[in-house]
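Numbering (this note's numbering), first residue to last: 7 to 132.
Where is the CB? At the ideal position from N, CA and C, for every residue including glycine.
These figures come from a predicted structure and were not determined experimentally.
Working notes, beginning with the structure itself.
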Amino acid sequence: MMERMRRIQAMLDAAPHLHRLGALFSETVLIKVDGDEFYLVFDKGRIDRVVEGPSKKTPYRFGFITDGAALEEFWTATPAPGLHDIFAMVKIGRAEIVGDMLLLVRNLRFFKEVLALPRARREAVE
7 MMERMRRIQA
17 MLDAAPHLHR
27 LGALFSETVL
37 IKVDGDEFYL
47 VFDKGRIDRV
57 VEGPSKKTPY
67 RFGFITDGAA
77 LEEFWTATPA
87 PGLHDIFAMV
97 KIGRAEIVGD
107 MLLLVRNLRF
117 FKEVLALPRA
127 RREAVE
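Now the structure itself:
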């Protein structure tokens, strides 16, 4: 999963429209998959670094917690109903969002598009 997070970082570097969307976003976000923690440290719309956890000392503003199978399905070109969106995953009990919801909602399009970057790559390959 760490390799996948690094690929998201590289894909974000190659997506100038997302740099504009996230230009004001400089925060740390927790992504927790099957108990493994990854901290995405954003700086002005780019992922500055990915820090592998767990860490009680790394502050984050909000987190997205899910299981690996749900995230893999989310990243498919045509995800199953309920696994196509982060809020749909929360609704069916396959994910949880913790922390500062207001910050997430203010940057919702940016965060959702960043998290879905592996899906775009798979669509291009298929």
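Identified DSSP bridge partners for residue i
{"i": "K38", "result": "E43 and I71"}
{"i": "D49", "result": "R52"}
Backbone CA spacing between residue i and residue j [nearest angstrom]
{"i": "A101", "j": "E78", "result": "13 Å"}
{"i": "P87", "j": "A122", "result": "15 Å"}
{"i": "I98", "j": "A76", "result": "11 Å"}
{"i": "W4", "j": "F70", "result": "In the structure as shown, the chain starts at 7 and stops at 132, and residue 4 therefore has no counterpart that could be examined."}
{"i": "F31", "j": "K50", "result": "5 Å"}
Residue closest to residue i, alpha-carbon to alpha-carbon, out of the options
{"i": "M7", "options": "G59, M107, M95 and I98", "result": "G59"}
{"i": "Y66", "options": "A83, E9, K38 and G99", "result": "K38"}
{"i": "S61", "options": "E43, I53 and I71", "result": "E43"}
{"i": "R112", "options": "P22, D49, D19 and G28", "result": "G28"}
Simplified DSSP state of residue i, which is helix, strand or coil
{"i": "A16", "result": "helix"}
{"i": "R100", "result": "coil"}
{"i": "F93", "result": "helix"}
{"i": "F31", "result": "coil"}
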